[in-house]
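Working notes, structure below.
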Amino acid sequence: MPWLSLLSYFFGGVFLANAIPHFVSGMMGRPFQSPFARPPGEGLSTSTVNVLWGFLNLVVGYVLVCRVGDFGLRNTADALACGAGALLIALFSARHFGRFHGGNRPEQP
């Protein structure tokens, strides 16, 4: 069942990386897109909602990485699976949220 653990670590990386922008934006008192906004993923949610959503992502990521299998940061396959999940959600988020914040079309000098 090692592939099942690697799948868990992959999605754990997704949840851990997704927690960062929500938690940080919420702590800074800034609104940010979340699944609870209207329209979902496009509208802005309050900073409190983002803190709670970010914390839930941290908890789910922790469970998937630390409580499933025997995750070892020095195990290349484990680290790659978790890192791949984090990288993919980061790239998706950059493209998706770049539409709203100008990241897809940076201003020319």
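1 is the number of the first residue of the sequence shown in UniProt numbering; add one for each residue after it. Beta carbons are placed, not taken as given, at the ideal position from N, Cα and C, and that holds for glycine.
Taking only three categories from DSSP, how would you classify residue i?
{"i": "Ser34", "result": "coil"}
{"i": "Leu6", "result": "helix"}
{"i": "Leu16", "result": "helix"}
{"i": "Leu88", "result": "helix"}
{"i": "Leu73", "result": "coil"}
With distance defined between alpha-carbon atoms, name the residue in the options nearest to residue i.
{"i": "Phe10", "options": "Ala90, Phe100 and Ala94", "result": "Ala90"}
{"i": "Phe97", "options": "Asn18, Ala79 and Val49", "result": "Asn18"}
List the whole-angstrom C-beta distance separating residue i from residue j, where the pair is believed to meet the contact cut-off of C-beta under 8 Å.
{"i": "Gly29", "j": "Ala84", "result": "About 33 Å separates the two Cβ atoms, so there is no contact after all."}
Less than 6 Å between C-beta atoms, sequence neighbours within five positions excluded: which residues of the same chain meet that for residue i?
{"i": "Pro21", "result": "none"}
Cutting at 7 Å between CB atoms, please list the residues of its own chain near residue i, excluding the five before and the five after it.
{"i": "Pro35", "result": "Gly41"}
{"i": "Phe71", "result": "Tyr9, Val65 and Asp78"}
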